[in-house]
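Here's the structure, in structure tokens; my notes come after.
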Amino acid sequence: MAATFRLSLVTPEREVLGADARFVALPAYDGEIGILAQRAPLLTQLGAGLLRVELADGSKRQIFLSGGFAQMVEDRLTVLAEEALEGEAISRDAARAGLAEAAALPGVAPAEFEKKQQAYDRARALARAATR
Amino acid sequence: MANRRVLVKRRKSIGNIRKITRTMQLIATARFQAAFNRAVASRPFTEKLAELVGDLARGAEGLDHPLLTTQNPDAPAALLVITSSRGLCGGYNANILRVAQSRIEEWQAATRAHELRVFGKKGIAYFRFRKQAMAEQSTAVGENPRFEQVQPIANALIEDFLAGRVSSVQVAYMRFFSAGRQRPEIVQLLPLEHAAPEATTEEPPERAVEFEIRPEPGRLLSALLPTAVRTRLFQAFLDANVSEQVARMVAMKAATEASGEMIKKLTRDYNRARQTHITMELLDIVGGANALA
Numbered sequence: 409m410a411a412t413f414r415l416s417l418v419t420p421e422r423e424v425l426g427a428d429a430r431f432v433a434l435p436a437y438d439g440e441i442g443i444l445a446q447r448a449p450l451l452t453q454l455g456a457g458l459l460r461v462e463l464a465d466g467s468k469r470q471i472f473l474s475g476g477f478a479q480m481v482e483d484r485l486t487v488l489a490e491e492a493l494e495g496e497a498i499s500r501d502a503a504r505a506g507l508a509e510a511a512a513l514p515g516v517a518p519a520e521f522e523k524k525q526q527a528y529d530r531a532r533a534l535a536r537a538a539t540r
Numbered sequence: 119m120a121n122r123r124v125l126v127k128r129r130k131s132i133g134n135i136r137k138i139t140r141t142m143q144l145i146a147t148a149r150f151q152a153a154f155n156r157a158v159a160s161r162p163f164t165e166k167l168a169e170l171v172g173d174l175a176r177g178a179e180g181l182d183h184p185l186l187t188t189q190n191p192d193a194p195a196a197l198l199v200i201t202s203s204r205g206l207c208g209g210y211n212a213n214i215l216r217v218a219q220s221r222i223e224e225w226q227a228a229t230r231a232h233e234l235r236v237f238g239k240k241g242i243a244y245f246r247f248r249k250q251a252m253a254e255q256s257t258a259v260g261e262n263p264r265f266e267q268v269q270p271i272a273n274a275l276i277e278d279f280l281a282g283r284v285s286s287v288q289v290a291y292m293r294f295f296s297a298g299r300q301r302p303e304i305v306q307l308l309p310l311e312h313a314a315p316e317a318t319t320e321e322p323p324e325r326a327v328e329f330e331i332r333p334e335p336g337r338l339l340s341a342l343l344p345t346a347v348r349t350r351l352f353q354a355f356l357d358a359n360v361s362e363q364v365a366r367m368v369a370m371k372a373a374t375e376a377s378g379e380m381i382k383k384l385t386r387d388y389n390r391a392r393q394t395h396i397t398m399e400l401l402d403i404v405g406g407a408n409a410l411a
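Going line by line, the protein sequences match chains U and H. Counting from 409, one number per residue, gives the positions in the first sequence under this note's numbering. Counting from 119, one number per residue, gives the positions in the second sequence under this note's numbering.
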């Protein structure tokens, strides 16, 4: 049996997932990071994208995250996400709405532009997740 | 006799009021449960985030960030006041406003520039009545605050703070300790205090772990700290919401009990009035009969 580690995924509003996992792929800010048990301690910022989990019983789940942080230490992976969507919530319509929202944001000042960019990134990542 | 009818009428109307207050008490109880669960559910995030900031601070000594120090000391200090949008919750709003008002008076005495940002109808009404200018008044966050609702508020605050439009941000709200204990409090949101996040977690696990940190600590910190600010403000709103429900629950329970007492007293009065009436009629009859005899 493959070694497992503890995964807990929390948002500011609730704990989305707390389970033992064999493998987790995290959407880090600069690309995906795969995590197995016994990984070296890690502290990272998350971007927008799919978190893929293979649970201890072999079942798989996919959860869309945007923004947040992850910490892996002593075989405990904690994912703090500002947003977590699952199942039906990951849809093309949602992505389209996100795109429209991003397009409507002002983008003149550098800070605004950055925010707009982030909103675009999130919407595009959501679109990618929906078409998988 | 008119008096008796009045008593009956009052008893009836108080009975109706009691029905309403009892229903409101039940509703508040149910809402309290939900609000409480939400507030508890958000704690792991807040605590973990504080731990992360701690880990990062340990891993990289001497980190500094604009959110940790006042940008422009001459700018006004902002006071956020979180009140409810509905009444019938006892001294809930009055308590918060009292604390906020005394802070404002402190600032006025020290001739410190300040501005008010008020959330909830009750607070807005209070400051409008006192003719105090409000920089912002909002009822955007109602019952059951959601993170998406609080986020833009926090973002705006962060922006104002970084741009030097405000020198500090403090939040006046009702902190929730337990169902039996809430206290109005003013906490500092910005500049973020170094020690404060540590204090919220009990005994942060002392680990001499070398973390692999991505991106580099400085950039990670500038992503972490705004999130910390947002979650803290969110927590304040959640606490305020739970406290409001508790306050309403207690107030409505008291009202229900008081109306029960009143009904008892009115019933007694009514019975006495009826008895007096009967006695008087009897005396009339007996007197009349005696006069004839």
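From the three backbone atoms N, C-alpha and C, an ideal C-beta is built for every residue, glycine too.
Inset, instruction - Taking C-beta pairs closer than 8 Å, name the residues in chain U that Leu167 of chain H reaches, listed in chain order. - result: The count along the second sequence starts at 1 and reaches residue 167 of chain H at position 49. Residues of chain U whose Cβ lies closer than 8 Å to the Cβ of Leu167 of chain H are, in chain order, Phe477, Leu488.
Inset, instruction - May I ask you to list, following chain order, the residues of the segment 253-276 of chain H that have a beta carbon less than 9 Å from some beta carbon of chain U? - result: Sequence-ordered contacts of the segment 253-276 of chain H with chain U read Arg264, Phe265, Glu266, Val268, Gln269, Asn273 [C-beta pairs closer than 9 Å].
Legend entry - Under 8 Å between C-beta atoms of Ala456 of chain U and Asp529 of chain U: The residue you call residue 456 of chain U lines up with position 48 of the first sequence. The residue you call residue 529 of chain U lines up with position 121 of the first sequence. Less than 8 Å separates the beta-carbon of Ala456 of chain U from that of Asp529 of chain U.
Inset, instruction - Can you tell me the Cβ-Cβ gap for Val268 of chain H and Ala196 of chain H, rounded? I've got them flagged as a contact below 8 Å. - result: Sequence index remark: in the second sequence, residue 268 of chain H carries index 150 (1-based). Sequence index remark: in the second sequence, residue 196 of chain H carries index 78 (1-based). The beta carbons of Val268 of chain H and Ala196 of chain H sit about 16 Å from each other, so the pair does not count as a contact at 8 Å.
Legend entry - Pair within 8 Å by beta-carbon distance, Val487 of chain U and Arg460 of chain U: Residue mapping note: residue 487 of chain U aligns to position 79 of the first sequence, counting from 1. Residue mapping note: residue 460 of chain U aligns to position 52 of the first sequence, counting from 1. No, Cβ-Cβ distance for Val487 of chain U and Arg460 of chain U is not below 8 Å.
Inset, instruction - Count the other C-beta atoms from every protein chain shown that fall within 10 angstroms of the C-beta of Asn389 of chain H, then say buried if there are 16 or more, exposed otherwise. - result: Stepping through the second sequence from its first residue, residue 389 of chain H is reached at position 271. Exposed is the call here.
Inset, instruction - List the residues of chain U whose Cβ lies closer than 7 Å to the Cβ of Ile331 of chain H, in chain order. - result: Working through the second sequence from its first residue, we reach residue 331 of chain H at position 213. Neighbours of Ile331 of chain H across chain U, judged by C-beta separation under 7 Å: Leu451.
Inset, instruction - Compile a chain-ordered list of the residues in the segment 169-200 of chain H whose CB is closer than 9 Å to at least one CB of chain U. - result: From the segment 169-200 of chain H, only Glu169, Leu170, Asp173, Leu174, Gly177 have a Cβ closer than 9 Å to chain U.
Legend entry - Run of the beta strand (DSSP E) containing Ile331 of chain H, from where it starts to where it stops: As a working note, residue 331 of chain H is residue 213 in the second sequence. 330-332 is the extent of the beta strand (DSSP E) around Ile331 of chain H.
Inset, instruction - Could you pull out every residue in the same chain whose Cβ sits closer than 6 Å to the Cβ of Ala365 of chain H, ignoring the five residues on either side in sequence? - result: Position 247 of the second sequence, counted from the start, is the residue given in the question as residue 365 of chain H. Taken in chain order, the residues that qualify are Cys207, Gly208, Tyr210.
Legend entry - CB contact flag (Ile276 of chain H, Pro344 of chain H, <8 Å): Within the second sequence, the letter at position 158 stands for residue 276 of chain H. Within the second sequence, the letter at position 226 stands for residue 344 of chain H. Yes, the pair counts as a contact, with Cβ atoms nearer than the cut-off.
Inset, instruction - List the residues of chain H whose Cβ lies closer than 7 Å to the Cβ of Pro435 of chain U, in chain order. - result: Here residue 435 of chain U refers to the residue found at position 27 when the first sequence is read from its first residue. Result: empty, since nearest Cβ-Cβ is about 13 Å, beyond 7 Å.
Legend entry - Thr319 of chain H to Arg129 of chain H span [Cα, whole Å]: As a first step, residue 319 of chain H is located in the second sequence; it is residue number 201 there, counting from the start. As a first step, residue 129 of chain H is located in the second sequence; it is residue number 11 there, counting from the start. Residue confidence is low: Thr319 of chain H scores 45 on pLDDT, short of 50, so the model does not pin down where it sits. Its coordinate-derived value is still stated next. Thr319 of chain H and Arg129 of chain H have their C-alpha atoms spaced approximately 53 Å apart.
Inset, instruction - Please confirm if Thr539 of chain U has its CB atom under 8 Å from at least one CB of chain H. - result: By one-based count along the first sequence, residue 539 of chain U stands at place 131. So, not an interface residue.
Legend entry - As assigned by DSSP and simplified to three states, the class of Gln363 of chain H: Counting from 1 along the second sequence, the entry for residue 363 of chain H is found at position 245. In the structure shown, Gln363 of chain H falls within a helical segment according to DSSP collapsed to helix, strand and coil.
Legend entry - Leu410 of chain H versus Thr394 of chain H - alpha carbon distance: Taking the first residue of the second sequence as 1, we reach residue 410 of chain H at position 292. Taking the first residue of the second sequence as 1, we reach residue 394 of chain H at position 276. Going from the Cα of Leu410 of chain H to the Cα of Thr394 of chain H covers about 24 Å.
Legend entry - Same chain only: Cβ atoms within 8 Å of Ala391 of chain H, ignoring 5 sequence neighbours per side: For the purposes of this step, residue 391 of chain H is taken as the residue at position 273 of the second sequence. Cβ-Cβ distances below 8 Å link Ala391 of chain H to Met119, Asn121, Arg122, Leu125 in the same chain, with the five nearest sequence neighbours on each side left out; the list follows chain order.
Legend entry - Whether Pro263 of chain H touches Leu356 of chain H by CB criterion (8 Å): By one-based count along the second sequence, residue 263 of chain H stands at place 145. By one-based count along the second sequence, residue 356 of chain H stands at place 238. The Cβ atoms of Pro263 of chain H and Leu356 of chain H lie closer than 8 Å to each other.
Legend entry - Boundaries (first-last residue) of the beta strand (DSSP E) holding Ile276 of chain H: Residue numbering aside, residue 276 of chain H sits at position 158 when the second sequence is read from its first letter. Careful: Ile276 of chain H lies outside any beta strand (DSSP E), inside the alpha helix (DSSP H) at 265-280.
Legend entry - Beta-carbon spacing of Leu186 of chain H, Leu338 of chain H below 8 Å: Translated into positions along the second sequence, residue 186 of chain H becomes position 68. Translated into positions along the second sequence, residue 338 of chain H becomes position 220. Annotated as distal: Leu186 of chain H and Leu338 of chain H, with beta-carbon spacing of 8 Å or more.
Inset, instruction - Please report the residue range of the alpha helix (DSSP H) in which Val217 of chain H lies. - result: Counted from its first residue, the second sequence places residue 217 of chain H at position 99. Note, Val217 of chain H: alpha helix (DSSP H), 210-227.
Legend entry - Chain-order list of residues whose beta-carbon lies under 7 Å from that of Thr412 of chain U (same chain, five-residue window excluded): The residue given as residue 412 of chain U occupies position 4 in the first sequence. Cβ neighbours of Thr412 of chain U beyond the five flanking positions: Asp428, Ala429, Arg430, Ala445, Ala464.
Legend entry - Within-8 Å CB hit, Lys346 of chain H to chain U: Against the second sequence, residue 346 of chain H aligns to sequence position 228. Reading off the sequence shown, one finds Ala at residue 346 of chain H, where the question assumed Lys. Ala346 of chain H does not count as touching chain U.
Inset, instruction - Please name the residue in U:Ala508, U:Ala537, U:Phe521 whose C-alpha comes closest to that of Ser499 of chain U. - result: Position 91 of the first sequence, counted from the first residue, corresponds to residue 499 of chain U. For Ser499 of chain U, the nearest C-alpha among the options comes from U:Ala537.
Inset, instruction - Would you kindly check if the distance between the Cβ of Leu170 of chain H and the Cβ of Leu513 of chain U is under 8 Å? - result: Reading the first sequence from its first residue, position 105 is the one you call residue 513 of chain U. Reading the second sequence from its first residue, position 52 is the one you call residue 170 of chain H. In this structure, Leu170 of chain H does not lie closer than 8 Å to Leu513 of chain U by Cβ.
Legend entry - In DSSP terms, what Lys468 of chain U is bridged to: Here residue 468 of chain U refers to the residue found at position 60 of the first sequence. BP columns for Lys468 of chain U point to U:Glu462.
Inset, instruction - Starting from Gly476 of chain U, follow its DSSP beta bridges and name the residues at the other end. - result: Here residue 476 of chain U corresponds to residue number 68 of the first sequence, with the count starting at 1. Looking at the DSSP assignment, Gly476 of chain U forms a beta bridge with U:Leu454, U:Ala489.
Inset, instruction - Note down the Cα distance separating Glu482 of chain U from Thr349 of chain H, rounded to an integer number of angstroms. - result: Here residue 482 of chain U refers to the residue found at position 74 of the first sequence. Here residue 349 of chain H refers to the residue found at position 231 of the second sequence. If I take the Cα positions, the gap works out to 26 Å.
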